[in-house]
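A.B. asks: In our numbering, the protein residues as written are 11 to 303.
From the three backbone atoms N, C-alpha and C, an ideal C-beta is built for every residue, glycine too.
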Ligand code: ZN
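(1) Consider the C-beta atom of residue 123 and the heavy atoms of the ligand ZN; say whether any pair is separated by less than 8 Å.
(2) Using a Cβ-based criterion (distance less than 8 Å to any ligand heavy atom), does residue 281 qualify as near the ligand ZN?
(3) For residue 97, which of helix, strand or coil comes out of DSSP?
(4) Whole-angstrom Cβ separation of residue 67 and residue 92, contact assumed at under 8 Å?
(5) Tell me whether residue 240 sits in a helix, a strand or coil according to DSSP, three-state version.
(6) Which of helix, strand or coil does DSSP assign to residue 170?
(7) How is residue 11 classed by DSSP in three states: helix, strand or coil?
(8) Verify the contact flag: residue 276, CB atom, against every heavy atom of the ligand ZN, threshold strictly below 8 Å.
(9) For the ligand ZN, any of its heavy atoms closer than 8 Å to the Cβ of residue 284?
(10) Which residue comes first and which comes last in the alpha helix (DSSP H) that contains residue 296?
(11) Smallest Cα separation from residue 69: which of 21, 114, 56 and 134?
(12) Rounding to the nearest angstrom, what Cα-Cα distance links residue 204 and residue 220 in this structure?
(13) May I ask you to report which of helix, strand or coil DSSP gives residue 150?
(14) From the DSSP output, in three-state form, read off residue 158 for me.
(15) May I ask you to check if the CB of residue 168 is nearer than 8 Å to at least one heavy atom of the ligand ZN?
(16) Can you give me the C-alpha to C-alpha distance between residue 130 and residue 247, rounded to a whole angstrom?
(17) Can you give the Cα-Cα distance for residue 308 and residue 215, rounded to whole angstroms?
(18) Out of curiosity, what's the CA-to-CA distance linking residue 225 and residue 50?
(19) From which residue to which residue does the alpha helix (DSSP H) around residue 64 run?
(20) Are residue 125 and residue 84 close, meaning C-beta to C-beta below 9 Å?
(21) Between residue 97 and the ligand ZN, is the CB less than 8 Å from at least one heavy atom?
(22) Taking residue 28 and residue 79 to be in contact with their CB atoms under 8 Å, please state how far apart those CB atoms are, rounded to whole angstroms.
(23) From residue 255 to residue 245, what distance separates their C-alpha atoms?
(24) At a cut-off of 8 Å, would you count residue 248 as near the ligand ADP, judging by its Cβ distance to the nearest heavy atom?
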């Protein structure tokens, strides 16, 4: 089944919710970056967090989540656009950690428990909206809810989950975010909290085959949930051979001459790990275009 996200409201508009399955796009990120199990979980959670925040965009723009902790995998960077295009990367993708005391992938150890979560909401206007808050656990979901509280004064509940199989492939990934719009109704929030306590982990639900609609229906049971719409998600980068070429040209004549002396050049996209190779002939061509312009 393809990845998608579902938006909903409940409690007569007092609660705004979004849930997403991201199994395929996290698997694509894993395949591209060759991530270890712990790195897959950390990157997958960040990618899902960016997706959930992108639900708040109107008709254009993108959201970038940058989790900069003091762990070996930080920073973890994820971006999601209003079109449902998602991409991201992290430091030391192949680095793995031992499981934590609960026998789970040690995401907090990888990300680091101290640091900052940065959120950039680029609405396509002149200036993007930039906010940040300190990390509270390095687990990303808690860090995000703390950010929403500090930055947007919104009370929220967030779950992010990535289940990695024994062969390192992504078995299930996804998450949900429910925000209580001020003035938050205590009764609705109490009911929501009761529902969440009874629910299994989001990765277990997705692994069982539950859809984003099923997850929102369970989380918002008894709260008059109204599904607003669904939209597809996929791992897709904005890089291209033309953009890589333009970046090479921007390096300037001196740098290009050094590369030409080496006979070739390779540009790797940080976000998707795509490699763009440029031969000596192509470098000479770029150099020529600079000299004649
Ligand atoms: Zn790329």
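C.D. replies: Concretely, from the data shown:
(1) Mapped onto the chain shown, residue 123 falls at position 113. Flag unset: Cβ of residue 123 not near the ligand ZN.
(2) For the purposes of this step, residue 281 is taken as the residue at position 271 of the chain shown. Within the cutoff, so yes.
(3) Working through the chain shown from its first residue, we reach residue 97 at position 87. Strand.
(4) As a first step, residue 67 is located in the chain shown; it is residue number 57 there, counting from the start. As a first step, residue 92 is located in the chain shown; it is residue number 82 there, counting from the start. Right, their Cβ atoms sit about 5 Å apart.
(5) To locate residue 240, count along the chain shown from 1; it is residue 230. Here residue 240 sits in strand by DSSP.
(6) The residue labelled residue 170 in the question sits at position 160 within the chain shown. In the three-state reduction of the DSSP assignment, residue 170 falls in the strand class, which pools E and B.
(7) Counting from one through the chain shown, the residue named residue 11 turns up at place 1. Three-state result, residue 11: coil.
(8) If you number the chain shown from 1, residue 276 lands on position 266. Result no, Cβ not under 8 Å from the ligand ZN.
(9) Reading the chain shown from its first residue, position 274 is the one you call residue 284. At least one heavy atom of the ligand ZN is nearer than 8 Å to the Cβ of residue 284, so yes.
(10) In the chain shown, counting from the first residue as 1, residue 296 sits at position 286. Run containing residue 296: 290-302, per the alpha helix (DSSP H) assignment.
(11) Taking the chain shown and counting its residues from 1, one reaches residue 69 at position 59. Of 21, 114, 56 and 134, the residue nearest in Cα terms is 134.
(12) Position 194 of the chain shown, counted from the start, is the residue given in the question as residue 204. Position 210 of the chain shown, counted from the start, is the residue given in the question as residue 220. Those two C-alpha atoms are separated by around 20 Å.
(13) In the chain shown, the residue the question calls residue 150 occupies position 140. Note: residue 150 maps to coil in three-state DSSP.
(14) Indexing the chain shown from 1 puts residue 158 at position 148. If DSSP states are grouped into helix, strand and coil, residue 158 belongs with the helices.
(15) Locating residue 168 in the chain shown gives position 158, where the first residue counts as 1. Residue 168 has its Cβ no nearer than 8 Å to any heavy atom of the ligand ZN.
(16) Indexing the chain shown from 1 puts residue 130 at position 120. Indexing the chain shown from 1 puts residue 247 at position 237. Each residue's alpha carbon lies about 18 Å from the other.
(17) In this structure the chain extends from 11 to 303, so residue 308 is not present and cannot be described.
(18) The sequence position of residue 225 within the chain shown is 215, counting from 1. The sequence position of residue 50 within the chain shown is 40, counting from 1. Distance between the alpha carbons of residue 225 and residue 50: 23 Å.
(19) Taking the first residue of the chain shown as 1, we reach residue 64 at position 54. Its alpha helix (DSSP H) spans residues 47-64.
(20) Your numbering for residue 125 matches position 115 in the chain shown. Your numbering for residue 84 matches position 74 in the chain shown. Yes, Cβ-Cβ distance for residue 125 and residue 84 is below 9 Å.
(21) Position 87 of the chain shown holds residue 97. Answer for residue 97: yes, Cβ within range of the ligand ZN.
(22) For the purposes of this step, residue 28 is identified with residue 18 of the chain shown, where counting begins at 1. For the purposes of this step, residue 79 is identified with residue 69 of the chain shown, where counting begins at 1. Actually they are not in contact, since the Cβ atoms of residue 28 and residue 79 sit about 25 Å apart, beyond 8 Å.
(23) On the chain shown, residue 255 is found 245 positions in, with the first residue counted as 1. On the chain shown, residue 245 is found 235 positions in, with the first residue counted as 1. Distance between the alpha carbons of residue 255 and residue 245 is about 23 Å.
(24) The model depicted lacks the ligand ADP and carries the ligand ZN instead.
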